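Heads up: the sequence shown runs through residues 3 to 899, numbered per this note's numbering.
Glycine included, every Cβ here is placed at the ideal spot set by N, Cα and C.
These figures come from a predicted structure and were not determined experimentally.
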Amino acid sequence: MTEPTRAPHPQEALIPAPPAAPQGMRGGTERTRGSAERTRGSAERARGTAERARGSASRAGAAKGAREAAPDLPVARVVVDTPLPHLDRPFDYLVPTTMDAEAVPGCRVRVRFAGQLADGYLLERLSDSEHEGRLSFLERVISPEPVLTPDIARLARAVADRYAGTMPDVLRLAVPPRHARIEAEARTPARRAASPGVAGGDVSPPAAEPLDETADVGGPPSGPIEGAGLTEQGAVPTGQGAGPTEQDGGPTEQGAGPTEQDAGPTEQDGPREDAVPAASIHGESIHGESIHGETIHGESIHGETTPGEAASHEAAGRRAARAYGDAWRAYPAGASFLEALAEGRAPRAVWTALPGTDAAGPSWPLAIAAAARATLDGGRGVVVVVPDGKDVALVTAALGETPHVAITADLGPAERYRRWLKALRGEIGIVVGNRPAAYAPVRRLGLAVVWDDGDDLHAERHAPYPHTREVLGLRAYQAGAGLLVGGYSRTAEATALAETGWAVPLVPDRAAVRARAPRVRPAGGDAELARDHAARAARLPSLAWRALREGLEHGPVLVQVPRRGYLPALACRHCRAPARCSGLPAVRPVPAPGAADPALAEPVSTDPALTDPVVTGSGSTEPVVTRSGLARSAPAEPRAAGPVCSGPLALRGGHAVPYCRWCGRIAGDWRCPSCGGTGVRAVVVGARRTAEELGRAFPSVAVRTSGRDGVLATVSGAPALVVATPGAEPVPDGGYAAAVLLDGWALLGRPDLRAAEEALRRWMNAAALLRPAGELVVLADAAVPAVQALLRWDPVTFAERELDERAELGFPPAVRMATLTGPGAAVRETLASAGLPPAAQVLGPVPVEDGLERAMVRVPRHLGSALARALKGASGVRSARKAPDVVRVNIDPLDLI
């Protein structure tokens with residue numbers, strides 16, 4: 003392969019010089035000459051690429067089967083699936099003529115990278131490459147199916163930049179594994195259900211946009227956006243303001259072809275300083291920044307509209323409000339929200355849902371279904387993300403005959419891929435699912451919905467650990483789509499979106515809330531304690547017993563227990579010291595040369611059910627366990643010299659002996675190191691123990707449990723005691739007649755920044771399943787702010803107060819905070835080489851579990867992008883140096899404290 007030459011072509015030297023232009027025309031001539039030179043330079047680069055491709059084939063010799071580059075657009079820009087941060091950029095390859103038809107943008111390919119075969123995605127085809135060296139050929143086109151759309155590619159890049167991760171890591175979350183048999187299935191025509199405003203029939207999906215790697219991603223609004231609040235008439239404005247999170251807006255660096263010596267970190271673009279929020283008020287546009295190269299000058303994102311088109315959109319909005327307005331009738335701005343969706347605008351709202359469950363079930367799935375239908379009538383797609391499969395079933399039932407697909411984990415890989423392909427091919431316009439559905443390739447996205455964004459199931463467990471709310475916020479901004487962040491309660495992050503003006507609050511009328519909210523009675527009030535002196539020490543005071551007994555006369559009742567299991571924590575019966583394991587951890591012996599590996603020997607059962615001790619309980623809320631004998635022990639194992647296990651002891655059932663939750667050792671010979679006692683008592687009572695106690699108290703009533711061992715989706719309207727852990731409460735037919743929220747101190751006393759917010763969220767989610775005006779008893783102090791918010795059913799005021807307190811203390815979302823977890827030396831090295839912003843505050847490192855250390859870095863919110871770039875650059879430097887220790891970087895984690 004010959005290297006391209008910088009010398010001019012021989013014929014160019016014979017071209018006579020043009021005559022000098024007059025003084026007045028010299029500027030125009032120079033501009034024309036500059037344009038011609040740029041065109042000539044592009045042609046030279048293209049010619050150089052072709053020359054290099056031909057040279058590669060010539061050096062390979064005239065042997066049979068030598069590959070040649072495609073004549074048109076011979077360069078393929080590929081994102082290679084590699085976890086190394088310093089290689090997080092596209093690489094250029096040559097497309098052989100044999101793959102010219104199959105190598106389409108978005109397809110899966112296989113390339114040779116650093117001497118090995120690696121998978122990747124073809125981003126785009128180009129006529130030339132900026133790399134002046136030798137380019138390798140694509141090894142194989144795995145599938146010509148364009149599974150990576152331009153919108154999802156831009157979203158993956160933005161999410162990676164937001165969370166200091168890599169684009170391949172995000173693509174693993176966004177694109178499911180391939181199933182060739184499913185891809186070969188015949189396509190079905192796109193359709194949508196008939197509605198009062200639009201006739202049913204086939205819908206031709208628009209052609210996919212070409213991938214634009216230089217598209218800008220907006221930064222956050224520095225203050226409230228003018229006109230982003232609700233108007234006096236209750237209208238929901240739809241300004242195209244800046245995104246909810248800071249993003250690097252520069253073009254991505256295009257890497258050269260893969261080489262063995264490529265070990266340097268990628269350059270990071272500087273922070274954006276020209277981001278100007280944009281909004282509009284009743285057609286008055288505020289000029290703002292560009293999205294995908296298109297400057298937004300008003301409400302419409304589809305370009306200028308004629309008066310006839312505007313009238314048609316307004317008519318469609320009014321029809322949608324009339325057809326689907328019943329589900330949003332209790333919200334003053336509900337009709338305006340539906341009209342904006344049907345007219346093709348992009349309203350963004352933080353939605354506080356109406357409580358109560360009646361014969362039609364909860365109201366929030368019906369409201370989401372109405373918003374989805376209104377968006378579909380406007381010719382756009384919808385993505386709905388809910389925490390778990392139980393919520394997916396509710397939304398699916400509410401959508402009914404409206405064409406949609408539900409993507410959940412229990413479907414299996416093949417069926418998930420089949421439904422994902424329906425959205426990719428434009429056959430379906432609505433996708434409902436849990437966390438991975440946030441990346442569903444819906445055509446012409448018009449609305450993104452996230453329900454119950456405070457649920458920890460929305461936080462990704464894999465790198466770069468993005469949150470569904472942030473992913474959908476970025477996607478809605480990039481696509482110019484609407485966003486609906488909903489829940490019974492409100493998180494501080496959602497409140498920040500409303501306070502900055504990026505989104506507007508969508509709350510129900512107070513009269514409707516009072517009519518459907520439950521009657522909340524705290525069991526820790528002074529009046530109740532005066533009537534029942536034992537209520538302070540009892541786990542189920544008389545108020546809770548009365549509520550359960552009276553509720554069972556009218557239907558099922560709910561008992562929420564914050565802890566799963568039987569007795570997950572034990573203490574000494576006499577001195578109340580925590581009961582911990584006193585055994586030495588077992589070590590794996592090193593086998594002698596030629597000896598059998600002891601790890602392959604038959605394991606010895608340590609099931610507590612096979613032991614002899616007799617365990618008795620007093621039947622009270624603080625059971626006492628005594629030992630009548632020692633358990634049969636397993637053969638002795640080698641023990642490590644050093645500290646004992648010290649794991650917490652627990653009980654699996656009423657006829658078992660304590661066991662260690664860390665090492666699994668049967669602690670039948672446990673003795674308190676403080677007082678020498680052998681009896682234990684319960685510190686925390688789990689859901690199974692609670693169900694056992696309630697079964698004895700109500701012997702003629704069925705007791706059903708829902709938790710980790712088995713989650714019930716629904717229960718009938720017959721009288722029953724339903725004991726559930728938070729998040730696993732089944733939906734009853736017609737709502738619960740009463741509910742009791744046990745052990746409020748266990749939720750409020752957690753060492754977590756979000757303890758009060760999470761307690762209120764769990765309480766409200768359970769209370770919303772009650773019938774309107776049903777009785778709810780919460781076992782917590784009435785003076786606690788979270789309990790007061792539950793009493794008034796006012797999550798908005800509580801969230802605003804929570805946000806103000808975090809801003810005063812310097813916690814997210816008022817600031818951006820990153821955690822670095824790993825070996826101490828590696829964490830300190832990362833901090834030293836990161837080049838943090840000047841205003842960054844470093845807290846730690848401090849020791850955490852497993853011998854690791856953790857450091858926290860805090861910056862003002864507007865420096866979030868700079869912090870992410872700095873940490874990603876430091877990770878790239880360590881990756882290029884092949885550092886042995888891994889440092890986990892997490893931006894705004896949920897478990898901050």
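As the crow flies, the alpha-carbon of residue 369 is around 28 Å from that of residue 756. DSSP assignment within the stretch 70-104 yields no whole alpha helix (DSSP H) run of 4 residues or more.
Taking the C-beta atoms as reference points, residue 503 is found no nearer than 9 Å to residue 496.
The C-alpha of residue 389 is placed about 7 Å away from the C-alpha of residue 457. Assignment of beta strand (DSSP E) within the stretch 676-709, counting only whole runs of 3 or more residues, yields 682-686, 705-708 in chain order.
Rounded to whole angstroms, the separation of the alpha carbons of residue 149 and residue 122 is 11 Å.
In this structure, the beta-carbon distance from residue 737 to residue 780 does not fall below 9 Å.
An exposed status is given to residue 884, since fewer than 16 other beta-carbon atoms sit within 10 Å of its beta-carbon. According to DSSP, residue 819 shares a beta bridge with 860.
The C-beta distance from residue 777 to residue 553 rounds to 7 Å, short enough to fall under 8 Å.
Residue 385 and residue 378 have their alpha carbons spaced roughly 11 Å apart. The C-alpha of residue 84 is placed about 6 Å away from the C-alpha of residue 170. With a beta-carbon spacing of about 12 Å, residue 129 and residue 94 fall beyond the 8 Å limit used to define contacts. The beta carbon of residue 75 lies closer than 8 Å to those of 97, 127, 128, 129 in the same chain, with the five residues before and after it left out.
According to the DSSP secondary-structure assignment, residue 346 is paired through a beta bridge with no residue. Out of 684, 677, 675, 712, the CA that lies nearest to the CA of residue 660 is found in 684.
A straight line joining the alpha-carbon of residue 505 with that of residue 353 spans about 10 Å. Closest in C-alpha terms to residue 563, from the list 726, 891, 325, comes 726. By the Cβ neighbour-count rule, residue 799 is exposed, with fewer than 16 other Cβ atoms within 10 Å of its own. As DSSP reads the structure, residue 163 sits in no beta bridge. Between the C-alpha atoms of residue 749 and residue 425 there is a straight-line separation of about 40 Å. Residues 109, 110, 111, 112, 121, 180 of the same chain have their beta carbon placed closer than 8 Å to that of residue 144, with the five preceding and five following residues left out of the count. For residue 797, the enclosing alpha helix (DSSP H) covers residues 797-811. Per DSSP, the beta bridge partners of residue 892 are 821. The criterion of a C-beta distance shorter than 9 Å is not satisfied by residue 863 and residue 891.
A residue is called buried when at least 16 other Cβ atoms come within 10 angstroms of its Cβ; residue 464 does not meet this threshold and is exposed. Between residue 431 and the set 420, 438, 437, 443, the nearest pair of CA atoms involves 443. Annotated as distal: residue 429 and residue 164, with beta-carbon spacing of 9 Å or more. DSSP, reduced to helix, strand and coil, places residue 145 within a strand of the structure shown. In the three-state reduction of the DSSP assignment, residue 353 falls in the strand class.
Secondary structure note for residue 490: it is in no alpha helix (DSSP H), with a DSSP letter that is neither H nor E. Shortest Cα-Cα distance from residue 771 to any of 73, 811, 559 involves 559. Here the stretch 821-832 makes no contact with the stretch 800-812; the two share fewer than three CB pairs at distances below 8 Å.
By the C-beta density criterion, residue 107 is buried, having at least 16 other C-beta atoms within 10 angstroms. Counting the other CB atoms within 10 Å of its CB gives residue 759 a total of 16 or more, which places it among the buried residues. As the crow flies, the alpha-carbon of residue 733 is around 28 Å from that of residue 751.
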